[in-house]
Each structure stands twice: as C-alpha cells, then as structure tokens.
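S.K.: Numbering (the numbering used here), first residue to last: 33 to 330.
(1) Roughly how many angstroms lie between the CA atoms of residue 67 and residue 328, to the nearest whole one?
(2) In the DSSP output, which residue or residues are listed as bridge partners for residue 210?
(3) Given this structure, state the Cα-to-Cα distance separating residue 37 from residue 309, to the nearest angstrom.
(4) Determine whether the Cβ of residue 57 lies closer than 8 Å to any Cβ atom of chain B.
(5) Identify which residue in 259, 318 and 147 has its Cα closest to the Cα of residue 289.
(6) With three or more C-beta pairs closer than 8 Å as the rule, is the stretch 282-297 touching the stretch 158-175?
(7) Give the DSSP-derived three-state secondary structure of residue 288 in the structure shown.
(8) Tell me which same chain residues have a C-beta within less than 7 Å of the C-beta of residue 216, skipping the five on either side of it?
(9) So within the stretch 65-111, which uninterrupted beta strand (DSSP E) runs reach at least 3 residues, ignoring any that extend past its ends?
(10) Quick one: grab the DSSP three-state call for residue 296.
(11) Within 10 angstroms of its Cβ, does residue 84 collect 16 or more other Cβ (buried), or is it exposed?
(12) In three-state DSSP terms, what is residue 192?
(13) Per DSSP, what kind of secondary structure is residue 239 in: helix, strand or coil?
(14) Taking only three categories from DSSP, how would you classify residue 141?
(15) Can you round the beta-carbon distance between residue 231 and residue 265 to whole angstroms, since I take them to be within the 8 Å contact cut?
(16) Considering just the uninterrupted stretch of the alpha helix (DSSP H) at residue 315, what are its terminal residues?
(17) With residue 121 as the anchor, note down where its alpha helix (DSSP H) starts and where it stops.
(18) CB-CB under 8 Å to residue 136, same chain, minus the five flanking residues each way: which ones, in chain order?
(19) Please classify residue 47: is it buried, with 16 or more other beta-carbons within 10 angstroms of its beta-carbon, or exposed?
(20) When DSSP builds the beta bridges, which residues end up paired with residue 184?
(21) With 16 other CB atoms within 10 Å as the buried threshold, where does residue 165 fall?
(22) Tell me the rounded alpha-carbon separation between residue 312 and residue 116.
(23) Assuming residue 277 contacts residue 247 (C-beta within less than 8 Å), just tell me the rounded distance between them.
(24) By the 10 Å Cβ neighbour count, where 16 or more other Cβ atoms means buried, how is residue 61 classified, buried or exposed?
(25) Is the separation between the beta-carbon of residue 242 and that of residue 128 shorter than 8 Å?
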C-alpha cells in the first residue's frame, strides 16, 4: 500500500517433543527432548510438548504425569496447553475419510495370527519382503474384495484395519523427497528421496482406534504449525510414509533432522523397560540434570 513500508516477518521455528505415556522416560528420550529444547532456544523458536496417547490400552495417566515431572527436572520449558492425541480422534477420522474419498483406503479383516500364517506360507516359497523396520509387508488379498463383501463383513462387526493402497497412493503423489538436516543410517542427507512403497499397505486406523502413528503425527505437526521435526534415527525411513500422507492430504512439509540413538552397554537401542537408564531411577540414584546432559553428550 502506498505510504506504508510492508515487510515480511519471519515466523520463529516450531519444534516439538512427542513421547507416548506407555512407560517412563529413559536417557534416550532425555537426549531428544533436550536437543529440541536447545535448538528452539538457539533459533529463537518455540517448543511444543505433545502426548501421543492413541493406544488407550497401554497409555496410563501416571506415565503422563511422570513425563511432565522428568522434563521439568531436566530444566525443559514448553508451551501450554499440551496437545493430547486421545482428545483429537475426530480430526484423524476426518483425514481417513479424505483419503477414502480419493479411493486410497480399504479394510482388511485378517487377524494378526492369520497374517503371520500367510507370511509363513509366503516365506516357504521364498523370502517375503520386509519393511525398513524388518516387519513383513501385508500379504493379504483384502484389496481385491468386492465392495458388497466388505460391507457384509463390516456389518457383521468383524474387526478390521483400514489400510492405505500404497501403489495407488504413490501413483497419485508422484516422486517425493524431504530435506534432511541430519544424516540417515546410510549417510543420507540434504535432499533425500522418499521410498514409501518400501512399507507396503500401511495401517491408517483400526475399527477400535480411528488413527495410527503415521497418520496422527502428520495431522498434529500440520495443525500445530511444526516447522522442524527433530527425532530419533529409528524413524528416518518412516518419513517416507509421512511425506506421502502430507502430499495426499495437502499438508505442509516440515524440515527433518534425525539424531543418533542412545544405546545401552550391550549396544542395544534403549526401551522403556531398561530400568538402568530410566530417568526416574537415575534421579533417585543422585543424578543431576547436568549429569544427564553429560551422559548423552550435550
């Protein structure tokens, strides 16, 4: 407008730490949380805390309370209110419906035991393909079921999983990539080519749970305005699925940085059952926040 000096105002970067309250935090979580906190401070950005509690059978209130206590003890400050995924199931359900409207979703009715049997049968004929995490790709034929048969099974109350038709989804989305500020397991950095097809027909939701990790994480990052996703190396190739869903749903693409994992003395990736590296145990044994920073190399 004449007489006005209009300037573009750069928005601060937005980071997030998103644990699941299905156990107590360990030093690997501490490293990821502290790294996000430090990057937010260094860049003048914001840090969000998200509670990923879509698994209502394993997630418990006492674990959520412990997350807040452990992070505060570490000196981490986050914005409020905290987003809890269990309070936003309608948003995830709407995303599934959006993908279904594109003809990219179908129900599968096999139980986990039936899928294991199908995989074993396929393995007997030659190694059945696995995803980047080592789990077998979906081997069933539900995608070819007639619509009336699907409707009949669902009307009978059969349990089902809603899967993404990966071949159709990739054909619709075209070539995909993401910006990697860290380095992948094979040294991948910079512009990384996404390979969502390596995951097969991933589950988007189940009859009893209207979302999955892959779906809810991209919805939440978009709704919360997350610009920088900083997370563990174990999720590096999951980014392929996330880039696909972002494209199909018309969501913005954040920048990614996958960090090293913290391992135990045996060289194994830490889990929430590893009591020797649990933050609560270390704190009870006299550890300090500064000591935890030194332990994880910060």
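The beta carbon of each residue, even a glycine, is placed where N, CA and C say it ideally should be.
These numbers were taken from a predicted model, which means no experiment stands behind them.
M.R.: In short:
(1) Between residue 67 and residue 328, the C-alpha separation is close to 10 Å.
(2) DSSP lists 224 as partners of residue 210.
(3) Unreliable placement is indicated for residue 37, whose pLDDT of 48 sits below 50; the coordinate value is still reported in the next sentence. Each residue's alpha carbon lies about 55 Å from the other.
(4) Within the model displayed, chain B is absent; a lone protein chain is all it includes.
(5) Of 259, 318 and 147, the residue nearest in Cα terms is 259.
(6) The stretch 158-175 is not in contact with the stretch 282-297.
(7) Judged by DSSP in its simplified three-state form, residue 288 adopts strand.
(8) A distance below 7 Å between beta-carbons, with the five flanking residues on each side excluded, links residue 216 to the following residues of its chain, in chain order: 224, 268 and 290.
(9) The stretch 65-111 contains these whole beta strand (DSSP E) runs: 78-83.
(10) Three-state result, residue 296: coil.
(11) Buried, by the Cβ-count rule.
(12) Of the three classes helix, strand and coil, the one that applies to residue 192 here is coil, per DSSP.
(13) Correct three-state label for residue 239: coil.
(14) Residue state for residue 141 is assigned as coil, using DSSP reduced to three classes.
(15) Taking the Cβ atoms as the reference, residue 231 lies roughly 17 Å from residue 265, outside the contact range of under 8 Å.
(16) Run containing residue 315: 311-316, per the alpha helix (DSSP H) assignment.
(17) Segment 121-133, the alpha helix (DSSP H) holding residue 121.
(18) When the five nearest sequence neighbours on each side are left out, the beta carbons in the same chain lying within less than 8 Å of the beta carbon of residue 136 are those of 196, 197, 200, 201, 204 and 280, in order along the chain.
(19) Counting Cβ neighbours within 10 Å, residue 47 comes out buried, since at least 16 surround it.
(20) Here residue 184 is not bridged, per DSSP, to any residue.
(21) With fewer than 16 other Cβ atoms within 10 Å, it is exposed.
(22) Looking at the backbone, the Cα of residue 312 and that of residue 116 are separated by about 22 Å.
(23) Their Cβ separation, rounded to whole angstroms, is 6 Å, which keeps residue 277 and residue 247 in contact under 8 Å.
(24) Buried, because 16 or more other Cβ atoms sit within 10 Å of the Cβ of residue 61.
(25) Yes.
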